[in-house]
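**Student:**
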Amino acid sequence: MNHTEAKPDTRVCVPPVRDDVVYLDYQSSKPVDPRVVEAMAPYYTQNFGNASALHGVGDEATEALDEARARVARFFGANPEEIVFTSGATESNNLGIIGYALRNKRKGDHVIISEAEHISVLNVGKYLEKNGFRVTRVPLDMYGRVSPKKLAARITDDTILVSIGWASNEIGTVQPIAAIAELLAGRDIALHTDAVAAEGLLPIDVREVPVDLMTLSSNDVYGPRGVGALYVRKGVGVAPVMVGGGQERGLRSGTEDVASIAGFATATDIMASEMLAEVERVRAMRDRLVERVLAEIPDVHLNGHPTERLPNNAHFRFEAVEGEAMVLSLRDYGIAASTGSACSSKTLEPSHTLISCGLLHEEAHGSLEFTFGRFNREDDVDRVIAVLPDVIERLRAMSPLYRPKK
Ligand code: PMP
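The opening residue of the sequence shown carries number 14 in this note's numbering; numbering runs sequentially from there.
(1) Just reading off the alpha helix (DSSP H) that Gly-239 is part of, what are its end residues?
(2) Could you pull out every unbroken beta strand (DSSP E) segment of at least 3 residues lying fully inside the stretch 333–414, listed in chain order?
(3) Shorter than 6 Å, the distance from the beta carbon of Asn-326 to the closest heavy atom of the ligand PMP, or not?
(4) So, under 8 Å CB-CB, Ala-91 and Tyr-235 are touching, yes? Tell me the CB distance rounded to an integer number of Å.
(5) Nearest CA to the CA of Lys-43: which residue from Arg-119, Asn-389, Ser-160?
(6) Which parts of the stretch 133–194 are runs of the beta strand (DSSP E), unbroken and 3 residues or longer, counting only runs that do not cross its ends?
(7) According to DSSP, is Thr-281 helix, strand or coil?
(8) Just to confirm, does Gly-317 get its C-beta within under 6 Å of one of the non-hydrogen atoms of the ligand PMP?
(9) The ligand PMP and Thr-75: does any heavy atom of the ligand fall closer than 6 Å to the residue's C-beta?
(10) Can you tell me where the beta strand (DSSP E) with Pro-72 in it begins and where it stops?
(11) For the alpha helix (DSSP H) that contains Leu-115, what are its first and last residues?
(12) With Arg-330 and Ser-380 assumed to form a contact (beta carbons below 8 Å), what rounded beta-carbon distance in angstroms separates them?
(13) Comparing C-alpha positions only, which one of Arg-167, Gly-241, Arg-119 sits nearest to Gly-145?
(14) Where does the unbroken alpha helix (DSSP H) through Thr-103 begin, and where does it stop?
(15) Quick check on DSSP: helix, strand or coil for Arg-299?
(16) Under 6 Å Cβ to Cβ from Pro-152, same chain only, skipping five residues before and after it: list those, please.
(17) Just reading off the beta strand (DSSP E) that Val-124 is part of, what are its end residues?
(18) Can you pull the DSSP bridge partners for Asn-326?
(19) Start and end of the alpha helix (DSSP H) containing Val-97?
(20) Could you name the residues that DSSP lists as bridge partners for Leu-229?
(21) At the level of alpha carbons, what is the spacing between Ile-184 and Gly-239?
(22) Following the continuous alpha helix (DSSP H) through Val-50, name the residue where it begins and the one where it ends.
(23) Below 6 Å, is the gap between the Cβ of Ser-133 and the nearest heavy atom of the ligand PMP?
(24) Would you say Pro-481 and Glu-309 are within 7 Å of each other, going by their C-beta atoms?
(25) Give the DSSP-derived three-state secondary structure of Leu-264 in the structure shown.
(26) Does DSSP put Val-249 in a helix, in a strand, or in coil?
(27) Take Thr-75 and list the residues in its own chain whose beta-carbon comes closer than 7 Å to its own, dropping the five residues that flank it on each side.
(28) Let me know the secondary structure DSSP gives Ala-211 once reduced to three states.
(29) Any idea which residues DSSP pairs Phe-331 with across the strands?
(30) Identify whether Val-254 lies in helix, strand or coil by the three-state DSSP scheme.
(31) Using CA coordinates, which residue listed in Leu-215, Asp-207, Ile-202, Ala-275 is at the minimum distance from Val-249?
(32) Assign Tyr-36 to buried or exposed, taking buried as 16 or more other Cβ atoms, counted over all protein chains shown, within 10 Å of its Cβ.
(33) Report the rounded CA-to-CA distance for Gly-386 versus Asn-325, giving the unit in angstroms.
(34) Just to confirm before moving on: does the CB-CB distance between Val-34 and Ala-349 stay below 7 Å?
(35) Just the C-alpha distance for Val-400 and Arg-220, rounded to the nearest angstrom, thanks.
(36) For Leu-115, which residues in the same chain have their Cβ closer than 7 Å to its Cβ, ignoring the five residues on either side in sequence?
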């Protein structure tokens, strides 16, 4: 049976997956690249074996798994045996943080995270607190950055682990992760990073930035959902949080989903060959949107860091307008945008990240996030600009809070 090799081609952009919608919510979900879907198909119908089986079909699955592990590892500068496949970023955050804390409890009971973390890390923090650990949350500056100095001030003799996301999935601010790694170097404190928001947008290489544990997801590089990985640097001890048949070196039991894992590997191969050009294309569209929104709409601000931000992220705050109202109005025009993190959208609470940046609750509620990706077209920006000023004007006309400054 043949293993489908990655087929990166020279196209920077294959035709759009959807024609009926201007999709600008790439941070919450990405389409699977059609080339990835093609590469996955044989693993459902031909190479469907269980990698733990002793027969030839099982061996083929093992081979496919080993090959995929090597390809994913290569994209992040890791060794294959440092990659543990999981069901996605939430599980990787659980395994990386809880697993490390459990395994290293005798060294100390203190864990540091930041106030910019994804809800899956924040809730892992709460879980640890209920289970005998102490968790400190480092506040953010007005741009959503964690200062290494403020982090250093919170380290105690009992600190065993620091978890800081590489970049915010919400406001797009990129953390000084290399400086944080440097700060922790030589201390017996592990550094975990949730790199999901930065994957495929920034170069991530564990030889350059020596993190100990790193959460990765397949969908963020246009692979299938429901699969991800935890990078575990050689020698770093992690206890499993799910037990069973002992797959993935005992760290993640459960029969491996070879098709999805092979899809993840193909997605990383494609990203490796296309990322540079893709990021420039996406950045240009994002820059044009930011420029035009700030020029054409009054009383709007760009949240997050002006330069240290993900190249695909535009996160605005419109005075005296509700984020949900903007998203629903844009939806009527066939534009898919977001108020922030889709994973927290059911809480009705304002974004914890924006509150930590110093915004008032009513200010944080006026957020609108656009995230670009591989299948956007140049005219997507024009289609937003054609309707957004009117949408804002209409919503403000109904808002008792709006007082124009000009
Ligand atoms: N971390 C970050 C930064 C995310 O953006 C997300 C959601 N895409 C997750 C973790 C959780 O991912 P999932 O819901 O796929 O487990």
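Note that the Cβ used here is the ideal one computed from N, Cα and C, for glycine as well.
**Tutor:** Based on what the coordinates show:
(1) First-last for Gly-239: undefined, no H or E at that position.
(2) Correct list: 380–384.
(3) Outside the cutoff, so no.
(4) Your pair Ala-91 and Tyr-235 does not check out as a contact, with CB atoms roughly 20 Å apart and the cut at 8 Å.
(5) When each option's Cα is compared against that of Lys-43, the closest is Asn-389.
(6) As far as the stretch 133–194 is concerned, its whole beta strand (DSSP E) runs of at least 3 residues are 147–151, 172–176.
(7) Thr-281: helix per DSSP, three-state reduction.
(8) It does not: the Cβ of Gly-317 is nowhere closer than 6 Å to a heavy atom of the ligand PMP.
(9) False, no ligand heavy atom lies under 6 Å from that Cβ.
(10) It is worth fixing the name first, because residue 72 is Asp in this sequence and not Pro. No beta strand (DSSP E) holds Asp-72; the alpha helix (DSSP H) holding it covers 69–88.
(11) From DSSP, the alpha helix (DSSP H) with Leu-115 extends over 112–116.
(12) Rounded, the Cβ-Cβ distance is 6 Å, consistent with contact.
(13) Measuring from the Cα of Gly-145, the nearest candidate turns out to be Arg-119.
(14) For Thr-103, the enclosing alpha helix (DSSP H) begins and ends at 102–106.
(15) In the three-state scheme derived from DSSP, where H, G and I count as helix and E and B as strand, Arg-299 is classed as helix.
(16) So the qualifying residues of the chain are Glu-128, Ser-369.
(17) Segment 123–127, the beta strand (DSSP E) holding Val-124.
(18) Thr-384.
(19) First-last for Val-97: 96–99, but that is the beta strand (DSSP E), not the alpha helix (DSSP H).
(20) Under DSSP, Leu-229 shares a beta bridge with Ala-242.
(21) Their Cα atoms are separated by approximately 24 Å.
(22) The continuous alpha helix (DSSP H) containing Val-50 extends over residues 47–58.
(23) At a threshold of 6 Å, Ser-133 counts as near the ligand PMP, since its beta carbon sits closer than that to one of the ligand's heavy atoms.
(24) Absent from the structure is residue 481, since the part of the chain shown begins at 14 and ends at 419.
(25) Here Leu-264 carries a coil assignment [DSSP, helix/strand/coil].
(26) DSSP places Val-249 in coil when its eight states are reduced to three.
(27) So the qualifying residues of the chain are Ala-64.
(28) Looking at Ala-211 - three-state DSSP - the assignment turns out to be coil, as it is neither helix nor strand.
(29) In the DSSP output, where bridge partners are listed per residue, Phe-331 has Val-313.
(30) Note: Val-254 maps to coil in three-state DSSP.
(31) Taking the Cα of Val-249 as reference, the smallest distance to any Cα among Leu-215, Asp-207, Ile-202, Ala-275 is reached at Ile-202.
(32) Label assigned to Tyr-36: buried.
(33) Their backbone Cα atoms lie some 7 Å apart in a straight line.
(34) The beta carbons of Val-34 and Ala-349 sit closer together than 7 Å.
(35) Taking the straight line joining both Cα atoms gives about 45 Å.
(36) Closer than 7 Å at Cβ, skipping near neighbours: Ala-252.
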